[in-house]
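Q: Adding 4 to a residue's 1-based position in the sequence shown gives its number in the numbering used here.
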Amino acid sequence: MEALILFNQNFAVAESLLQLYQLFQGLSHAELSEQLHLAICAHWKIPTNTVVQHASNDSVSVLARSTTKIPESLTIDGGLDFLLRQAVVVACTCIESFFWDALRENVLTIIKARRSGADDMLKNITLKLGDYISIQQYDDPDLRLRQIILKYFERGTLYDTNSIDRITQVMTVRNFWTEVQKICGEDASYLKQLVGDLIYRRNQIAHRADRPGDGEEADGHGLRPINLSWTNARVQAAKTLVTAGAVVIQAAINRLEADIQAAREQEEAQRLARETAAKGGNP
5 MEALILFNQN FAVAESLLQL YQLFQGLSHA ELSEQLHLAI CAHWKIPTNT VVQHASNDSV
65 SVLARSTTKI PESLTIDGGL DFLLRQAVVV ACTCIESFFW DALRENVLTI IKARRSGADD
125 MLKNITLKLG DYISIQQYDD PDLRLRQIIL KYFERGTLYD TNSIDRITQV MTVRNFWTEV
185 QKICGEDASY LKQLVGDLIY RRNQIAHRAD RPGDGEEADG HGLRPINLSW TNARVQAAKT
245 LVTAGAVVIQ AAINRLEADI QAAREQEEAQ RLARETAAKG GNP
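1. Find the nearest neighbour of residue 95 within the set 261, 245, 262 and 47, judged by alpha-carbon distance.
2. With respect to the beta strand (DSSP E) encompassing residue 67, which residues constitute its N-terminal and C-terminal limits?
3. Alpha carbon to alpha carbon, what distance is there between residue 111 and residue 120?
4. If you drop the 5 nearest sequence neighbours on each side, which residues of the same chain put their C-beta closer than 7 Å to that of residue 224?
5. Let me confirm a value: residue 168 is counted as buried when at least 16 other C-beta atoms fall within 10 Å, else exposed. Which label applies?
6. What would DSSP say about residue 279, mapped onto helix, strand or coil?
7. Would you kindly work out how many angstroms separate the C-alpha atoms of residue 140 and residue 148, rounded to a whole number?
8. With a Cβ-Cβ cutoff of 7 Å, do residue 56 and residue 67 count as a contact?
9. Report yes or no: do the region 16 to 26 and the region 255 to 271 share at least 3 C-beta pairs separated by less than 8 Å?
10. So residue 201 packs on residue 238, CB below 8 Å; how close in whole Å?
11. By Cβ distance, which residues of its chain are closer than 8 Å to residue 164, with the 5 residues on each side in sequence left out?
12. So, helix, strand or coil for residue 33, using DSSP?
13. When burial is assigned at 16 or more other CB atoms within 10 Å of the CB, is residue 249 buried or exposed?
14. What does a CB cutoff of less than 6 Å around residue 31 pick up in its chain, not counting 5 residues either side in sequence?
15. In angstroms with no decimal places, state the Cα-to-Cα distance between residue 102 and residue 43.
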């Protein structure tokens, strides 16, 4: 499934953001030893009296010339939290992209298989006269029809987990979260709660810059508190959801493709029966 390949490529960014947070956590300014300072100057081929900035923790050291300051956000308390917030945004965007891409990828199969029983989202698509003409004139009418339909399925925003239910219903998946639970083994209600938390927090970050509401706790920067464990649990829930969801969706699409093939075989059998009957009726 192309949608899953794209998801994994994009989701790697969220995982990298969490890795960077862990790598730089606890970073603080520190004086360089004279021996290390001289070694750095020799390595950079700069005068030995050059000022070299240094910040470190127990995992990494950051070195910079005085002309390029080490960002303050790397060393102040809570300064790295922007990486966690960005991981939330990226993970949620990856979920959005996956479900809409999966729908767009399979929409022609869904329409062919469901026909009059299609979901209302598909039934309400209106084709213009020019669309019908272009379909007839195209070398591959199915390809042209897919192109036209896809205009109606640009990626939308997930406002809550109900949006996921709505999209998967169009793809003929019923009881989506229950089916996901069967694949991944995670409790459906708990997984749905984690993903819902992720979507809600992304919306808060996107629309309120993660500022707390009345009566909510604020961190030292006037924003809603966030930490690695909270973020990691929900980012990983996003990956679990999509990985299992891809299996569920593919199974539904496979059933539709089997229905299409069965219908074709039935039509072919009926055509041959009519031809045989016609030949039998002629002297």
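Even for Gly, the Cβ is constructed at its ideal location relative to N, Cα and C.
A: Put simply:
1. 245
2. 65 to 69
3. Annotation note: pLDDT 48 at residue 120 (below 50); position unreliable, no value reported.
4. 81 and 82
5. buried
6. helix
7. 9 Å
8. yes
9. no
10. 5 Å
11. 200, 203 and 204
12. strand
13. buried
14. 59, 61, 78 and 79
15. 49 Å
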